[in-house]
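*Asks:* This is the structure, below, for whatever I ask next.
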Amino acid sequence: MLQRVQYGAQQGRRTRQPGPRQDVTVRGLDLWGTSLRTGKDSTGVLVEDLNARYVSEYSTLPMPADDELAIEPGEGHIVVSRILDSGVQLLGTGNTLRDSEIGYSAGTGVLVRGSGNTVTNTYIHDIGWMGSYTPGIEINGSDHTVTHNTVRRTGRGSIDVSWQLNGVPFHNNEIAYNDLSEAMRTSRDGSPFYVCCNLDATGTSVDHNIVHDDDGQVG
């Protein structure tokens, strides 16, 4: 299933094609003030040459529901608000986003969730100006490949793994050859590549990434 997600005044309104989608190619799509999401049951979807601007806009950070957290609920968890419901969302299994540009999001730039999905050769910029944990790329799940991307100008992290949201395993992911710059523009406690908390990253490799020109107090 492919969904066009509308944010702003009509947040939550979606245009959708019913039923799971397999082996679909979406090429050369231009989006402004809206986003794209592959369905949880989709497989083999290729999204390439996507140009998406202002993919998520909101002015509130609601507290995540207690049953959405893998750790004890607390007031501090408002920082993870909207990580999993903003940005271009690559859900399902074996789906790919490549050769694209994603820019201008109050929240996440690209969400990678499910298993075996790929984000490569994509430029992601001007993300996360609400100052929460929403990153350029959020990786959630196992067997994902995130390589050869450029992530520039983020409120907090360039790449984030928020295990505390749903506690899923983080096995056999490849995160390599990404250029991460100008992170931490609205936050003073974090890092360009941020991981929380009791993460089992068996088989995951993080290598050959370049991190430079970050702002804030990295810690």
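Each residue of the sequence shown is one higher than the one before, counting from 12 in our numbering. No residue lacks a Cβ here, since even glycine has one placed at the ideal position from N, Cα and C.
Suppose contacts are defined by Cβ-Cβ distances below 7 angstroms. Is V91 in contact with Y144 by that definition?
*Replies:* In this structure, Y144 lies closer than 7 angstroms to V91 by Cβ.
*Asks:* So for D171, helix, strand or coil by DSSP?
*Replies:* For D171, the secondary structure class from DSSP, reduced to helix, strand or coil, is strand.
*Asks:* Of the residues L95, T45, R196, G55, which one's Cα is nearest the Cα of V37?
*Replies:* G55
*Asks:* Taking just the CA atoms, how far does V121 sit from S192?
*Replies:* Cα-Cα distance, rounded: 16 angstroms.
*Asks:* Within 8 angstroms, do at least three Cβ pairs link the stretch 39 to 55 to the stretch 132 to 146?
*Replies:* no
*Asks:* Going by the DSSP bridge assignment, what does A187 pair with across the sheet?
*Replies:* T158, D218.
*Asks:* Helix, strand or coil: which one does DSSP assign to V179?
*Replies:* Three-state DSSP puts V179 in coil, outside helix and strand.
*Asks:* Quick one: measure Cβ to Cβ for G127 and R167, integer angstroms, because I've assumed they're closer than 8 angstroms.
*Replies:* Actually they do not touch by this definition, with Cβ atoms about 27 angstroms apart.
*Asks:* Would DSSP call D96 helix, strand or coil?
*Replies:* helix
*Asks:* For V99 versus I113, is the C-beta spacing smaller than 7 angstroms?
*Replies:* Going by C-beta atoms, V99 is nearer than 7 angstroms to I113.
*Asks:* According to DSSP, is E83 helix, strand or coil?
*Replies:* Coil, per DSSP.
*Asks:* Take K51 as the anchor and find which of G152, T197, S202 has the nearest alpha-carbon.
*Replies:* G152
*Asks:* On a Cα-Cα basis, can you pick out the residue from S46, S169, E79, A187 that is closest to R156?
*Replies:* The residue asked about is misnamed: residue 156 is Thr in this sequence, not Arg. Among S46, S169, E79, A187, the Cα nearest to that of T156 is on A187.
*Asks:* Using C-beta distances below 6 angstroms, list every residue in its chain close to D225, excluding the 5 sequence neighbours before and after it, in chain order.
*Replies:* A194, M195, P203
*Asks:* Spell out whether any CB of chain B is found under 7 angstroms from the CB atom of R64.
*Replies:* No chain B is present in this structure, which holds just one protein chain.
*Asks:* Helix, strand or coil: which one does DSSP assign to V90?
*Replies:* helix
*Asks:* Just the Cα atoms here: how many angstroms apart are N62 and V179?
*Replies:* 30 angstroms
*Asks:* Sort out for me which residues DSSP pairs D41 with in a bridge.
*Replies:* N62
*Asks:* Figure out for me which residue from S173, D41, A212 has the closest Cα to the Cα of V66.
*Replies:* Of S173, D41, A212, the residue nearest in Cα terms is D41.
*Asks:* Check for me: the beta strand (DSSP E) holding N151 runs from which residue to which?
*Replies:* 148 to 153
*Asks:* On the three-state DSSP scale, how would you describe D52?
*Replies:* coil
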